[in-house]
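2 protein chains.
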Amino acid sequence: MSRPSRGSVRDSKKQSRRVGNPQTRQTASSSLKAPYKPLTDSEVAAIHQASLDVLSTVGMANATPQILETALAHGCVIKENRLCFPAALVEDILAGAARSFVVHARDPRLDFEARSGMINLCTGGAAVSMYDHRTESYRPSMLGDLYDLARVADTLENLQWFARPVVATDIEDPFALDVNTVLACAAGTRKHIATSICSGEHVVRMQPFLDALAGGTGKFSQRPFCTVHATTVVSPLSFAADSLDVVCEAIRIGMPVHSQTGPQAGATAPAALAGTLVQCCAEGLASLCVINMLKPGYPVVIGNWAFVSDLRTGAFSGGGAEQALLGAASGQMSAFYGIPGGMGAGMTDSKQPDAQAGIEKAQTLLLASLSGGGFVFESAGMLASLLGCSAEALVLDNEMLSSVRRIGRGIEVTEESLSVDVIKQAATGVGHFLGAPQTLSLMETEFDYPQLADRASPQDWIDNGGKSMWDSATEKAKYILDNHRPYYIDGKTDKWLREHFPVQLVAMH
Amino acid sequence: MSRPSRGSVRDSKKQSRRVGNPQTRQTASSSLKAPYKPLTDSEVAAIHQASLDVLSTVGMANATPQILETALAHGCVIKENRLCFPAALVEDILAGAARSFVVHARDPRLDFEARSGMINLCTGGAAVSMYDHRTESYRPSMLGDLYDLARVADTLENLQWFARPVVATDIEDPFALDVNTVLACAAGTRKHIATSICSGEHVVRMQPFLDALAGGTGKFSQRPFCTVHATTVVSPLSFAADSLDVVCEAIRIGMPVHSQTGPQAGATAPAALAGTLVQCCAEGLASLCVINMLKPGYPVVIGNWAFVSDLRTGAFSGGGAEQALLGAASGQMSAFYGIPGGMGAGMTDSKQPDAQAGIEKAQTLLLASLSGGGFVFESAGMLASLLGCSAEALVLDNEMLSSVRRIGRGIEVTEESLSVDVIKQAATGVGHFLGAPQTLSLMETEFDYPQLADRASPQDWIDNGGKSMWDSATEKAKYILDNHRPYYIDGKTDKWLREHFPVQLVAMH
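Each protein sequence line maps, in turn, to chains R and B.
Heads up, the first sequence is in our numbering, so the first residue is 1 and it goes up one at a time.
Heads up, the second sequence is in our numbering, so the first residue is 1001 and it goes up one at a time.
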């Protein structure tokens, strides 16, 4: 693919067409017409009852003093040194939990609503390496990679929420890591961002930082553009004390929470998939309860990330059939609760963007997205069982997300779309539908047109260079990286941040 | 991968493990626990009513004299020179049509039942070229390729029905083509086979040939091991006279029928997907009616292959989101009728086995398989919008089919699988589930273990040669092609066939 030289008007138009205008081409939440339901209604009820049973009789280990005090005051009880949640209490909290809320972006045009029954597609993960497509190998991920991924995601119309996909392994100091992670994300995209934060104390120290990025003191809590991902549970059924502290401080500064648990069937959860769901739901509900006890109706996405172990090795596996089932079933449970739920899907165990990656990403992503849970994280860019990330994969997967959105939208059945008269006219007339008024009017709305996937004939494909989808994604990623270099932080704010915080990202001003 | 040398006991055990024993390792129809339903019940009813409306008011063009005579005697009417089917007649025929029947294989252990609500996975197609993985290009498909594909499919445990995936373009004479196609399939596999046949006259002439392969005069009709694929409709709403003749003669010799229609949304069917379904169902029901008028309750799979045109070019596209939706919706309509239905899915527009192929095959295959229609054709081996085939792709896709079967089986929810006690024991005890009795007992049944998809860590993957799934599939295909050389026709029969028919396949005796 030839590259336009910089500078001419024609080039700039071409560039805008190819990179897209991040402020206008973004997709909002997609509707979901017909959910895929792997469980019957009575099975959903049975899993829910078993979760309540586990919560009330087994409960959670390792509650922090602050959580213990709050929970006991709300009606929890201690049994054998574990915090147990009576079923009626859990049901009451579920009834009062936030069923929807606005997810804010620094650009208000990129806000969207969090609720179950929709399709919201997000990055996710904390990969520690980047896949280098030139050497076909992995290297440690750096702060610059995070900024690069953010600005690529900024142009991708199917991603709504940019959770930092990689850890900046070149930053050793934990506070500097937290600060620079948010900065690299915020510099690269004005979409909603998310990250984990090392400790509650860091959350407190970062409040002025977040306020500055939001436009001034007190501004962050008004339009919180950043969610904290908090793995509040260590499976099976134990709280993670540090994460609970993070959640407590996040609530104090008005930062939304994505509370995650990640039990692995066969390792940290039962090998029976139904049992993994029971435990996962219990763990997710425990976190939901704690957060709602601290602040009723607080905006939280419950990330019931039920995972799979390959029992031949005990290793995490992200792309198989059981993962696809668990993702969909977990989403179905969130839809049953009626609260925004999140799943990890779009994963692959492949180390490269091959057919395995395509199959595994598509099957896990599709079923999780169609479940009605609400959010799918890890939906783009990840490789190697979440250990690696790639800007090229992000670009490639964005097109898969478009297809998933189209499938979620379903088939419109109306008097008009049933097309009886259109059929009659064509069958008794010209014998085809090409150029028919209905065809022309539906051309743009009924069909999703891929840009990277090749639909040419074998000969045309060879004449065009015989490119794979990965080749095309690599070209597009390079074009974006070469041409889309935003720094969404104004000079004055950037200067202040650098004076008051250990900012390491090279400024682009 | 090192190859075992031929001949030793150890090698022969290794070979049997790697190639599989075709007679014992085959998968029967898979159960489908929870269908994916893109349409609501009232939408299904609306599509059905619109189809009946089209059949009774627009009807079908080009009925042959024999069909006209039979149809008019059964209550059809002629309107504006088209054969119309009153709604009550169609409903009566639907009520009396075969809801299930045995699909026979030459090896009775490979028989299975045809009905909706299951997952039956089959090859399909009539590609005219083979993808050569060494040159990464296409060449015309030959008779030898067909035999090779048959013997590879013979070892693949997830394929139940071998429809000839490629046309032997090296055979010019139409009758020789029909004869050798059946012979190459039957020589390579004892699974149920299928092919199209050029004319009704050929069907008649082939009866002794089919009888000989079945074991003697009159044997074929007792256990018909071969189905005829007949594209009985030219969309929109016109019969294909030659194919109707083939069907008439097939019924006469007791050969089961897979009656296909393949309307393309936007080209030979409405651009509105709902309208394409209406027309497709009308065309499928017209064929079902005709076949059941000729012989009530005859074993037939209704192949309502609703396809998609890329309206940018008008070309057929097999892998997109709309195709995934149409496949699932078509299957849902067959499940509504309660008769065995077939769809083309597992297709891709990619010319090579890349991420695009993985994504497109997985998304179309998964939703069509989960629809409950019954049969999925084209499920393995196809590339380039059905223009090309590959033994290596067949091997790779077989593993994807395993995953689809596991997903279809769903999540078992029982008192035991809910695992409340198992969770309690682990959470309050050792803190994990590795080695737990439940884990050990479910290890083989709850999980699908891929052989070609790589789940190793990045470093182990590199140490093992950094292979893609395609690399592994290519190695496995080579191993099968080198080592599994059946010729499932005994010497005496083969000699008789060669004396009486224009057999060109090189004998392996």
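From the three backbone atoms N, C-alpha and C, an ideal C-beta is built for every residue, glycine too.
- Could you check where the alpha helix (DSSP H) with Lys79/R kicks off and where it finishes? Taking the first sequence and counting its residues from 1, one reaches residue 79/R at position 79. Element bounds for Lys79/R: not the alpha helix (DSSP H) but the beta strand (DSSP E), Val77 to Lys79.
- Message: I'd like to know whether the C-beta of Leu1055/B is nearer than 7 Å to at least one C-beta of chain R.
- Response: As a working note, residue 1055/B is residue 55 in the second sequence. Cβ-Cβ to chain R under 7 Å: no for Leu1055/B.
- Message: Quick check: the Cα distance between Gly388/R and Asp421/R, rounded to an integer number of angstroms?
- Response: Taking the first residue of the first sequence as position 1, residue 388/R is located at position 388. Taking the first residue of the first sequence as position 1, residue 421/R is located at position 421. Each residue's Cα considered, the two are about 53 Å apart.
- Nearest-angstrom Cα distance between Ala1267/B and Leu1288/B? Reading the second sequence from its first residue, position 267 is the one you call residue 1267/B. Reading the second sequence from its first residue, position 288 is the one you call residue 1288/B. Between Ala1267/B and Leu1288/B, the C-alpha separation is close to 24 Å.
- Task: Could you check how far apart the C-beta atoms of Lys209/R and Gln264/R are, in whole angstroms? I think they sit under 8 Å.
- Result: Stepping through the first sequence from its first residue, residue 209/R is reached at position 209. Stepping through the first sequence from its first residue, residue 264/R is reached at position 264. It is worth fixing the name first, because residue 209/R is Phe in this sequence and not Lys. The Cβ separation is near 35 Å, so there is no contact.
- Task: Would you kindly report the start and end of the unbroken beta strand (DSSP E) that includes Ala453/R?
- Result: Taking the first residue of the first sequence as 1, we reach residue 453/R at position 453. From DSSP, Ala453/R is part of no beta strand (DSSP E); its letter is neither H nor E.
- Message: According to DSSP, is Ser1016/B part of a helix, a strand, or is it coil?
- Response: Residue numbering aside, residue 1016/B sits at position 16 when the second sequence is read from its first letter. In this prediction, Ser1016/B scores a pLDDT of 44, lower than 50, which makes its location untrustworthy; no coordinate-derived value is stated.
- Message: As a quick exercise: from Lys1191/B, Gly1124/B, Glu1360/B and Pro1296/B, pick the residue whose alpha carbon is nearest that of Val1167/B.
- Response: Numbered from 1 along the second sequence, position 167 holds the residue referred to as residue 1167/B. Nearest C-alpha to Val1167/B: Gly1124/B.
- Going along the chain, which unbroken runs of the alpha helix (DSSP H) with 4 or more residues stay wholly within the segment 1336 to 1380 of chain B? 1355 to 1369
- Compute the Euclidean distance between the alpha carbons of Arg312/R and Leu1442/B, then round it to the nearest angstrom. Your numbering for residue 312/R matches position 312 in the first sequence. Your numbering for residue 1442/B matches position 442 in the second sequence. Cα to Cα, Arg312/R sits roughly 12 Å from Leu1442/B.
- Quick one, which of Asp148/R, Leu285/R and Val152/R has its alpha-carbon nearest Ala88/R's? Locating residue 88/R in the first sequence gives position 88, counting from the first residue. The shortest Cα separation from Ala88/R among Asp148/R, Leu285/R and Val152/R belongs to Leu285/R.
- Does the distance from the CB of Ala473/R to the CB of Leu386/R come in under 7 Å? Position 473 of the first sequence, counted from the first residue, corresponds to residue 473/R. Position 386 of the first sequence, counted from the first residue, corresponds to residue 386/R. No, the Cβ-Cβ distance between Ala473/R and Leu386/R is not below 7 Å.
- Does the separation of the CB atoms of Leu325/R and Pro38/R fall below 7 Å? Along the first sequence, read from residue 1 onward, the residue named residue 325/R stands at position 325. Along the first sequence, read from residue 1 onward, the residue named residue 38/R stands at position 38. In contact: Leu325/R and Pro38/R (Cβ atoms closer than 7 Å).
- Task: Measure how close the beta-carbons of Ile462/R and Ser1330/B come, nearest whole angstrom, since I'm counting them as under 8 Å.
- Result: The residue you call residue 462/R lines up with position 462 of the first sequence. The residue you call residue 1330/B lines up with position 330 of the second sequence. Their Cβ separation, rounded to whole angstroms, is 33 Å, which puts Ile462/R and Ser1330/B out of contact at 8 Å.
- Task: Tell me whether Met255/R sits in a helix, a strand or coil according to DSSP, three-state version.
- Result: In the first sequence, residue 255/R corresponds to position 255, counting from 1. Here Met255/R sits in coil by DSSP.
- Query: Can you give, in chain order, each stretch of the beta strand (DSSP E) that sits fully within the segment 125 to 155 of chain R and has at least 3 residues?
  - Reply: 129 to 132 and 137 to 140
- Task: May I ask you to list, following chain order, the residues of the segment 341 to 367 of chain R that have a beta carbon less than 8 Å from some beta carbon of chain B?
- Result: Asp349, Ser350, Lys351, Gln352, Pro353, Asp354, Ala355, Gln356, Ala357, Gly358, Ile359, Glu360, Lys361, Ala362, Gln363, Leu366 and Leu367
- Leaving out five residues before and five after Ala240/R in sequence, what residues of the same chain have Cβ atoms less than 7 Å from its Cβ? Residue 240/R sits at position 240 when you count from the first residue of the first sequence. Around Ala240/R: Thr231, Thr232, Val233 and Val234.
- Check the C-beta distance from Ala1391/B over to Leu1365/B and give it rounded, since I have them as a contact under 8 Å. Counting from one through the second sequence, the residue named residue 1391/B turns up at place 391. Counting from one through the second sequence, the residue named residue 1365/B turns up at place 365. Not confirmed; about 19 Å, so no contact.
- Message: Among the candidates Gln1363/B, Arg1190/B, Pro1140/B and Asn1483/B, whose CA atom is the shortest distance from the CA of Pro1108/B?
- Response: The residue given as residue 1108/B occupies position 108 in the second sequence. That would be Arg1190/B, whose Cα lies nearest to the Cα of Pro1108/B.
- Message: Rounded to whole angstroms, what is the Cα-Cα separation between Phe1220/B and Met1382/B?
- Response: Position 220 of the second sequence, counting from 1, holds the residue named residue 1220/B. Position 382 of the second sequence, counting from 1, holds the residue named residue 1382/B. Near 30 Å, if we compare the C-alpha coordinates of Met1382/B and Phe1220/B.
- Message: Using a Cβ-Cβ cutoff of less than 8 Å, which residues in the same chain neighbour Val257/R once the five nearest sequence positions on both sides are dropped?
- Response: For the purposes of this step, residue 257/R is taken as residue 257 along the first sequence, with counting starting at 1. So the list reads Thr227, Val228, Ala230, Val247, Ala250, Ile251, Ile291, Tyr298, Pro299, Val300 and Val301, once near-sequence residues are dropped.
- Task: Just list the alpha helix (DSSP H) runs in the segment 1397 to 1455 of chain B, keeping only unbroken ones of 4 residues or longer that don't cross its boundaries, in chain order.
- Result: 1420 to 1428 and 1437 to 1442
- Item | Within-7 Å CB hit, Ile67/R to chain B | Locating residue 67/R in the first sequence gives position 67, where the first residue counts as 1. With 7 Å as the cut-off, Ile67/R does not count as an interface residue toward chain B.
- Message: Per DSSP, what are the beta-bridge partners of Gln1264/B in this structure?
- Response: Numbered from its first residue, the second sequence carries residue 1264/B at position 264. In DSSP, Gln1264/B forms a bridge with Phe1307/B.
- Could you pull the start and end residues of the beta strand (DSSP E) that Ser317/R belongs to? One-based indexing of the first sequence puts residue 317/R at position 317. It spans Ala315 to Ser317 - the beta strand (DSSP E) in which Ser317/R sits, taken as one unbroken run.
- Cutoff 7 Å: Trp496/R Cβ touching any chain B Cβ: As a working mapping, residue 496/R is identified with position 496 in the first sequence. It does not: the Cβ of Trp496/R has no partner Cβ on chain B nearer than 7 Å.
- Do three or more CB pairs link the segment 1359 to 1379 of chain B to the segment 1065 to 1075 of chain B at distances below 8 Å? no
- Task: Anything in chain R within Cβ reach of Asp1310/B, meaning under 8 Å, just list it in chain order.
- Result: Here the question's residue 1310/B lines up with position 310 in the second sequence. Under the 8 Å cutoff, chain R gives Phe447, Tyr449 and Arg455.
- Query: By DSSP, does Gln1023/B sit in helix, in strand, or in coil?
  - Reply: In the second sequence, the residue the question calls residue 1023/B occupies position 23. Unreliable placement is indicated for Gln1023/B, whose pLDDT of 46 sits below 50; no coordinate value is reported for it.
- Is it right to say Glu1172/B is buried, meaning 16 or more other beta carbons lie within 10 angstroms of its own, or is it exposed? Residue 1172/B sits at position 172 when you count from the first residue of the second sequence. It counts as exposed.
- When burial is assigned at 16 or more other CB atoms within 10 Å of the CB, is Leu1497/B buried or exposed? Here the question's residue 1497/B lines up with position 497 in the second sequence. That one is buried.
- Item | Own chain partners of Val1077/B with C-beta closer than 6 Å, once the 5 adjacent residues on each side are dropped | Translated into the one-based positions of the second sequence, residue 1077/B becomes position 77. For Val1077/B, where only same-chain residues beyond five positions count, the Cβ hits under 6 Å are Cys1084.
- Taking all protein chains shown into account, do 16 or more other C-beta atoms lie within 10 angstroms of the C-beta of Asp1178/B, making it buried, or fewer, making it exposed? Within the second sequence, the letter at position 178 stands for residue 1178/B. Asp1178/B comes out buried.
- Query: Closer than 7 Å, CB to CB, is Asn21/R near chain B or not?
  - Reply: Residue numbering aside, residue 21/R sits at position 21 when the first sequence is read from its first letter. The pLDDT assigned to Asn21/R is 48, lower than 50, so where the model puts this residue is not dependable; a value taken from the coordinates is nonetheless given after this. With 7 Å as the cut-off, Asn21/R does not count as an interface residue toward chain B.
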